[in-house]
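Chemist: If you're matching them up, the sequences are chains A and B in order.
Add 10 to a position in the first sequence, counting from 1, and you land on the number used in this note's numbering.
Add 10 to a position in the second sequence, counting from 1, and you land on the number used in this note's numbering.
Pasting a structure here, questions to come.
2 protein chains.
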Amino acid sequence: MTSVTMTRDAAVGLDVGATTTKGAIVTRAGEVLLRVEVPTDRHAGTKSIIAVIEELIENAGDVDAQPVAVGVGAAGFIDAATGSVTFSPNLEYGDPEVAEAVRSRSGLPVVVDNDANAAAWGERRFGTAQGTDYLAYITLGTGIGSGFVVDGRLIRGYTGAGAELGHMVVDPDGPPCPCGLRGCLEQFASGTAIARIARAALKEGDHRSSILSFAGSIENVTALDVAKAAREYDEVARDVLAKAGRMLGVGLSNVANIFDPEVIVLGGGAVRAGEAFLGAARDQLARMTEAQRRRPMRLDVTSLAQDAGIIGAATLALDEVVQTERTQKRGLRER
Amino acid sequence: MTSVTMTRDAAVGLDVGATTTKGAIVTRAGEVLLRVEVPTDRHAGTKSIIAVIEELIENAGDVDAQPVAVGVGAAGFIDAATGSVTFSPNLEYGDPEVAEAVRSRSGLPVVVDNDANAAAWGERRFGTAQGTDYLAYITLGTGIGSGFVVDGRLIRGYTGAGAELGHMVVDPDGPPCPCGLRGCLEQFASGTAIARIARAALKEGDHRSSILSFAGSIENVTALDVAKAAREYDEVARDVLAKAGRMLGVGLSNVANIFDPEVIVLGGGAVRAGEAFLGAARDQLARMTEAQRRRPMRLDVTSLAQDAGIIGAATLALDEVVQTERTQKRGLRER
Chain A
11 MTSVTMTRDA AVGLDVGATT TKGAIVTRAG EVLLRVEVPT DRHAGTKSII
61 AVIEELIENA GDVDAQPVAV GVGAAGFIDA ATGSVTFSPN LEYGDPEVAE
111 AVRSRSGLPV VVDNDANAAA WGERRFGTAQ GTDYLAYITL GTGIGSGFVV
161 DGRLIRGYTG AGAELGHMVV DPDGPPCPCG LRGCLEQFAS GTAIARIARA
211 ALKEGDHRSS ILSFAGSIEN VTALDVAKAA REYDEVARDV LAKAGRMLGV
261 GLSNVANIFD PEVIVLGGGA VRAGEAFLGA ARDQLARMTE AQRRRPMRLD
311 VTSLAQDAGI IGAATLALDE VVQTERTQKR GLRER
Chain B
11 MTSVTMTRDA AVGLDVGATT TKGAIVTRAG EVLLRVEVPT DRHAGTKSII
61 AVIEELIENA GDVDAQPVAV GVGAAGFIDA ATGSVTFSPN LEYGDPEVAE
111 AVRSRSGLPV VVDNDANAAA WGERRFGTAQ GTDYLAYITL GTGIGSGFVV
161 DGRLIRGYTG AGAELGHMVV DPDGPPCPCG LRGCLEQFAS GTAIARIARA
211 ALKEGDHRSS ILSFAGSIEN VTALDVAKAA REYDEVARDV LAKAGRMLGV
261 GLSNVANIFD PEVIVLGGGA VRAGEAFLGA ARDQLARMTE AQRRRPMRLD
311 VTSLAQDAGI IGAATLALDE VVQTERTQKR GLRER
């Protein structure tokens, strides 16, 4: 007796972050079939990306999948037209022509884009913002990343250095940012900022805060410690998160004025800081929207969570392949 | 003997501002053949728009032009998909369905868009930014307007309420804005802001400033008076313009981080404030670009000046008609 199994069309999706590289086989329906997760090799970006992709392709048969494309979402400035990395603060790529390198090894069509762009696409196709053509996705982690979909298309700059909402200056006299500017949004509302503001508050003031019982010492305070303390109604923690949330709200109002999206989706680790943070952001945005008599906007938290990047990268690649095939067919007909 | 004259395909272009409505017959080559300029009727927006359009169409024969489309650029939030005005702070439209009203009267295809979007399109097609697919156009006048072209397409929001760079908050503790927010860019770098900051400086300080000899009294100071005084090396005027220019530079850096355009074009009356203002903006942007190690960006002043809006609106309409015809032809072939 022979068993016949349908193999499913799928794509490889990669999410290359500063610390972790996640990869998966993802179906056309956005289903994750197989996962790989490795520490990111900071000194061999492209090589380590290729290794993960090859492992996934080799094992795709085990889950009855046939990868037909590869999508990579990577931190940094990406020229999506060529699939090359033009600037990456935390990773050395060796060969910045990532798409070309992956294509020549895998023989598959390859799409490379910014990691937040990929995640935005994932949210649009299978997540919280499913079906919308006007989406702002903002990821709150160590820094603040963003991806914007306008009229169904991802916003990419002339050189792929756009959609850097984290480095929108919201206070020209604000704290310095590693990017070289002062008062970037990411200095007020990222996980790193929450931790920094909490440390400053603890140094100046109330040492009885339960933040310290979670962190051990002021130097070790993380955003997670602040979030835990806030859940126990710690005043210092709640003040810090309210302040960060209000500045995030200001940033969201700017997004509304610039992009007028249908939905804003928040992702990244810092969304786990909970209502003390997100509630303050939502209230601030609502106040500003009302003051301007703007249409209220849907503000939501990612439903794909840590998978937004891999699902988005894979789907972006599949959508691109379909688009290319359509264009080629049309070209043939028009000749 | 008969004289045979070729009639040229052209479009009617309108630029509907809060005080003046300008209209013109514009050729496919961006040439302005015939102009009309009337005070904007604040209480009869749509009617007054139609009157100007009809006058232009009636007289088009005199300049051997045959209008094949109508483009309207209007202040406010515009739903470009339907050509209707969704919000306008300074104008009552009566009938907000501007495109439909004009179409039924003229029998021509009609495009209605935000005035700054129209001007951005003009700059891209025939002005300073000719040929680029990645453009930010910023108009500095009473307020600050903007239009963004990304990948060859104008950025419009879900409801047409996007591209409002003037209401990007750059200092949450800044001065109140008529829009309802505090610290909007337009409160620091518009013509109105320049005049306000100058009045405050004069009230507090040096009454010998030559701004007063141009304005007569502190209450009457306009941005133009400040610009004139700055040209005579008046210290107060130069300080005010430098301060406004630096904040404009911060806004431009935000534009760079969000859109990564190839070219930024500045338009509107306040560009006539000259180097004391624009030089400060350029220097601030250059400093911020360098601090971030970003690619330097072309920053230029409009070459179409007051015609950007009419040329842009007309060209947007012509381009849209061509696009629609192409799509229809393709549709027929694909059937």
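No residue lacks a Cβ here, since even glycine has one placed at the ideal position from N, Cα and C.
Predicted model only: the values in this text are computed from it and were never measured.
Compile a chain-ordered list of the residues in the region 203 to 227 of chain A whose CB is closer than 9 Å to at least one CB of chain B.
Modeler: So the list is empty, because no residue satisfies the distance condition.
Chemist: If you scan the region 59 to 127 of chain B from start to end, which runs of the beta strand (DSSP E) of 3 or more residues do you find wholly inside it?
Modeler: Taking only runs of at least 3 residues, the beta strand (DSSP E) segments lying wholly in the region 59 to 127 of chain B are 75 to 84, 87 to 89, 94 to 97 and 120 to 124.
Chemist: Please identify the residue among LEU66(B), LEU118(B), SER116(B) and PHE87(B) whose C-alpha is closest to the C-alpha of PRO106(B).
Modeler: The residue given as residue 106(B) occupies position 96 in the second sequence. When only C-alpha atoms are compared, the closest one is PHE87(B).
Chemist: Tell me the DSSP secondary structure of MET200(B) in three-state form.
Modeler: For the purposes of this step, residue 200(B) is taken as the residue at position 190 of the second sequence. Here residue 200(B) turns out to be Ser, not Met, going by the sequence shown. Coil.
Chemist: Could you pull the start and end residues of the beta strand (DSSP E) that LEU145(B) belongs to?
Modeler: Counting from one through the second sequence, the residue named residue 145(B) turns up at place 135. 145 to 150 is the span of the beta strand (DSSP E), which, as asked, contains LEU145(B).
Chemist: Since ALA358(A) and ASP125(A) should fall inside the 8 Å C-beta cutoff, what is the C-beta to C-beta distance between them, to a whole number of angstroms?
Modeler: Residue numbering for chain A in the displayed model covers 11 to 345; residue 358(A) lies beyond these limits and cannot be assessed.
Chemist: Measure from the C-beta of PRO182(B) to each C-beta in chain A and report whether the shortest distance is under 8 Å.
Modeler: On the second sequence, position 172 is the one that residue 182(B) refers to. Yes, contact with chain A.
Chemist: Please list the terminal residues of the continuous alpha helix (DSSP H) segment that includes ALA171(B).
Modeler: Counting from 1 along the second sequence, the entry for residue 171(B) is found at position 161. Careful: ALA171(B) lies outside any alpha helix (DSSP H) and carries neither H nor E.
Chemist: Under 8 Å between the Cβ atoms of MET178(A) and ASN264(B)?
Modeler: Looking up residue 178(A) in the first sequence gives position 168. Looking up residue 264(B) in the second sequence gives position 254. Taking 8 Å as the Cβ cut-off, MET178(A) and ASN264(B) qualify as a contacting pair.
Chemist: Taking the DSSP output, what are the residues bridged to ALA366(A)?
Modeler: Only positions 11 to 345 of chain A appear in this structure, which leaves residue 366(A) out of reach.
Chemist: Check the Cβ-Cβ distances between GLY40(A) and every residue of chain B, and say whether any is below 8 Å.
Modeler: Against the first sequence, residue 40(A) aligns to sequence position 30. It does not: the Cβ of GLY40(A) has no partner Cβ on chain B nearer than 8 Å.
Chemist: Taking C-beta pairs closer than 9 Å, name the residues in chain B that SER263(A) reaches, listed in chain order.
Modeler: Here residue 263(A) is taken as the residue at index 253 of the first sequence, counted from 1. Within chain B, the residues near SER263(A) are HIS177, MET178, VAL179 and LEU191.
Chemist: Tell me whether GLU133(B) is buried or exposed, calling it buried when 16 or more other Cβ atoms sit within 10 Å of its Cβ.
Modeler: By 1-based counting over the second sequence, the position of residue 133(B) is 123. GLU133(B) comes out buried.
Chemist: Got a sec: which bits of the region 259 to 290 of chain B sit with their beta carbon under 7 Å from any beta carbon on chain A, in order along the chain?
Modeler: If the cut-off is 7 Å between Cβ atoms, the region 259 to 290 of chain B has VAL260, SER263, ASN264, ASN267, ILE268, PHE269, ASP270, PRO271 and GLU272 near chain A.
Chemist: Beta-carbon within less than 6 Å of ALA75(A)'s beta-carbon, same chain only, minus the 5 sequence neighbours each way: which residues are those?
Modeler: Within the first sequence, numbered from 1, the residue matching residue 75(A) stands at position 65. Excluding sequence neighbours, ALA75(A) sits near ARG18, ALA20, ILE35 and LEU43.
Chemist: In terms of residue numbering, what span does the alpha helix (DSSP H) encompassing VAL260(B) cover?
Modeler: Stepping through the second sequence from its first residue, residue 260(B) is reached at position 250. Here the alpha helix (DSSP H) through VAL260(B) covers 245 to 269.
Chemist: Beta-carbon of ALA296(A) versus every beta-carbon of chain B: anything under 8 Å?
Modeler: By 1-based counting over the first sequence, the position of residue 296(A) is 286. Output row for ALA296(A): interface = no.
Chemist: Compute the beta-carbon to beta-carbon distance between ALA28(B) and THR56(B), rounded to the nearest angstrom, for a pair I have assumed lies under 8 Å.
Modeler: Taking the first residue of the second sequence as position 1, residue 28(B) is located at position 18. Taking the first residue of the second sequence as position 1, residue 56(B) is located at position 46. Contact flag wrong, Cβ pair sits at about 15 Å.
Chemist: Would the region 157 to 166 of chain B count as touching the region 130 to 146 of chain B if we require 3 or more Cβ pairs under 8 Å?
Modeler: They touch, by the three-pair rule.
Chemist: Who are the neighbours of ILE154(A) on chain B, taking C-beta pairs under 9 Å?
Modeler: The residue given as residue 154(A) occupies position 144 in the first sequence. Those do not exist, as ILE154(A) stays about 11 Å from chain B at its closest Cβ, beyond 9 Å.
Chemist: For GLY322(A), return the contacting residues in chain B, with the cut-off set at a CB-CB distance below 7 Å.
Modeler: If you number the first sequence from 1, residue 322(A) lands on position 312. Within chain B, no residue comes near GLY322(A); the closest Cβ sits about 19 Å away, beyond 7 Å.
Chemist: Per DSSP, which one or two residues make a beta bridge with VAL273(B)?
Modeler: For the purposes of this step, residue 273(B) is identified with residue 263 of the second sequence, where counting begins at 1. Answer is LEU145(B) and ARG308(B).
Chemist: At what residues does the alpha helix (DSSP H) containing SER223(B) begin and finish?
Modeler: Locating residue 223(B) in the second sequence gives position 213, counting from the first residue. First-last of the alpha helix (DSSP H) with SER223(B): 221 to 225.
Chemist: Give me the Cα-Cα distance between ARG218(B) and ASP235(B), rounded to the nearest whole angstrom.
Modeler: Working through the second sequence from its first residue, we reach residue 218(B) at position 208. Working through the second sequence from its first residue, we reach residue 235(B) at position 225. Taking the straight line from one Cα to the other gives about 14 Å.
Chemist: Are the C-beta atoms of ARG305(B) and some chain A residue less than 8 Å apart?
Modeler: Your numbering for residue 305(B) matches position 295 in the second sequence. Yes, contact with chain A.
Chemist: Spatial neighbours of LEU347(B) within its chain, please: CB distance less than 6 Å, with the 5 preceding and 5 following residues excluded, ordered by chain position.
Modeler: No answer is possible for residue 347(B): the residues shown for chain B start at 11 and end at 345.
Chemist: What is the DSSP secondary structure of LEU44(A), reduced to helix, strand or coil?
Modeler: Against the first sequence, residue 44(A) aligns to sequence position 34. Three-state result, LEU44(A): strand.
Chemist: Label VAL62(B) either buried or exposed according to how many other C-beta atoms from any shown protein chain fall within 10 Å of its C-beta, with 16 as the threshold for buried.
Modeler: As a position in the second sequence, residue 62(B) is number 52, starting the count at 1. The residue is buried, with at least 16 neighbouring Cβ atoms inside 10 Å.
Chemist: Quick one: which chain A residues come within Cβ less than 7 Å of TYR168(B)?
Modeler: As a first step, residue 168(B) is located in the second sequence; it is residue number 158 there, counting from the start. Within 7 Å Cβ-Cβ: TYR144, ASP270, PRO271 and GLU272.
Chemist: If you follow the beta strand (DSSP E) that GLY157(B) is in, where does it begin and where does it stop?
Modeler: On the second sequence, residue 157(B) is found 147 positions in, with the first residue counted as 1. Its beta strand (DSSP E) spans residues 154 to 160.
Chemist: So for ARG192(A), helix, strand or coil by DSSP?
Modeler: Locating residue 192(A) in the first sequence gives position 182, counting from the first residue. The answer is strand: DSSP assigns ARG192(A) an E or B state.
Chemist: Please classify MET16(A): is it buried, with 16 or more other beta-carbons within 10 angstroms of its beta-carbon, or exposed?
Modeler: As a first step, residue 16(A) is located in the first sequence; it is residue number 6 there, counting from the start. It counts as exposed.
Chemist: Which of the three DSSP states is assigned to LEU164(A) in this structure?
Modeler: Position 154 of the first sequence, counting from 1, holds the residue named residue 164(A). Here LEU164(A) sits in strand by DSSP.
Chemist: Out of MET307(B), ALA210(B), LEU258(B) and MET298(B), point me to the one whose CA is closest to CYS194(A)'s CA.
Modeler: Here residue 194(A) corresponds to residue number 184 of the first sequence, with the count starting at 1. Taking only the C-alpha atoms, the option nearest CYS194(A) is MET298(B).
Chemist: Quick check: what's the CA-CA separation for ALA315(B) versus ALA130(B)?
Modeler: Translated into the one-based positions of the second sequence, residue 315(B) becomes position 305. Translated into the one-based positions of the second sequence, residue 130(B) becomes position 120. Computed Cα separation, rounded: 11 Å.
Chemist: In whole angstroms, give me the CA-to-CA distance for ASP72(A) and GLU65(A).
Modeler: Walking along the first sequence from the start, residue 72(A) turns up at place 62. Walking along the first sequence from the start, residue 65(A) turns up at place 55. If you take the alpha carbons of ASP72(A) and GLU65(A), they lie about 12 Å apart.
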